[in-house]
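K.L.:
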Amino acid sequence: MSERESHHPIDPQFLQRWSPRAFTDERLDEATLLTFLEAARWAPSGFNAQPWRFVYALRGTPGFANILATLSPTNQSWAQRAAALVTVISQQRWTPPGQDTPKLNGMHAFDTGAASAYMKLQASLSGWHAHTVGGFDREALGRNLAVPEDFVVQVVVALGRRGDRSLLPEALQAREQPSTRLPLASLAAADRFGFS
Ligand SMILES: Cc1cc2nc3c(=O)[nH]c(=O)nc-3n(C[C@H](O)[C@H](O)[C@H](O)COP(=O)(O)O)c2cc1C
């Protein structure tokens, strides 16, 4: 996996986390899933508003089918094997302490992304894999889950134990490998926005 090398020393967990699509049929128990969500709980957020919400479902339950049905056909083709699906939702408004009127929280999506990343890193540290899905019908999923107004359905995260690529439809097998990244110099610059 030479392409997935860090150019500066970092904890190996960051390179080891990646998003496979092939999952074994191993089940994930709710107690273990809650450890992933517990990690998410400790993410930082603007005002400590904690705008993230998670609706989870284990494979074989009606809740799982409810989420799966809203995914695009390609995403369904592999995510149906996931052990759990977690819908990541953010709350747009936040009521500052001591006030009555909710205000728009411009950081709700940013903070919820951080919480979601914490969940995925904990899953990876525990020997499971997570794959984020943005390709789904947001309106339909919001309806299926009875998500109230003021909340935005952001992504679905599929969780499972990594399986062999032969479990995948043929078209997806070639993509089943860890991806690389842009060089750090294209992403981080000292003092000013020095990117071309
Ligand atoms: C917000 C978001 C949406 C994504 N949507 C999809 C998706 O709909 N289908 C899919 O197969 N992968 C999806 N991915 C997975 C990305 O393609 C993957 O994370 C990226 O290529 C980096 O690879 P890695 O996670 O293995 O490091 C999504 C990832 C993110 C963060």
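All residue numbers in the sequence shown are consecutive under this note's numbering, ending with 473.
Where a beta carbon is used, it is the ideal one built from N, C-alpha and C, also for glycine.
Please read all numbers here as calculations on a predicted model, not as lab measurements.
Can you tell me the Cα-Cα spacing of T347 and S354, whole angstroms?
P.N.:
Whole-angstrom Cα-Cα distance: 12 Å.
K.L.:
Excluding sequence positions up to five away, which residues of its chain have a Cβ less than 6 Å from the Cβ of E280?
P.N.:
Excluding sequence neighbours, E280 sits near T457.
K.L.:
Which residues does DSSP list as the beta-bridge partners of K380?
P.N.:
Looking at the DSSP assignment, K380 forms a beta bridge with W371.
K.L.:
For the candidate residues L444, G471, A451 and S393, whose alpha-carbon lies nearest to that of F300?
P.N.:
F300 has its Cα closest to that of L444, out of L444, G471, A451 and S393.
K.L.:
Can P344 and A360 be called in contact, C-beta distance under 8 Å?
P.N.:
Note that residue 344 is Ile in the sequence shown, not Pro. Result no, Cβ atoms of I344 and A360 do not sit closer than 8 Å.
K.L.:
What three-state label does DSSP hand S279 in the structure shown?
P.N.:
A caution first: S279 carries a pLDDT of 43, below 50, which makes its placement in the model unreliable, though a value can still be read off. In the structure shown, S279 sits in coil (DSSP, three-state: anything other than H, G, I, E or B).
K.L.:
Starting from A361, follow its DSSP beta bridges and name the residues at the other end.
P.N.:
L335 and L436.
K.L.:
By Cβ distance below 6 Å, which residues in the same chain neighbour P446 in space, the five residues on each side in sequence not counted?
P.N.:
For P446, where only same-chain residues beyond five positions count, the Cβ hits under 6 Å are S354.
K.L.:
Below 8 Å between beta carbons: does that hold for R415 and V430?
P.N.:
Their beta carbons are under 8 Å apart, which means R415 touches V430 by this criterion.
K.L.:
Using the three-state DSSP reduction, which class does T457 fall into: helix, strand or coil?
P.N.:
In this structure, T457 counts as coil in the three-state DSSP scheme.
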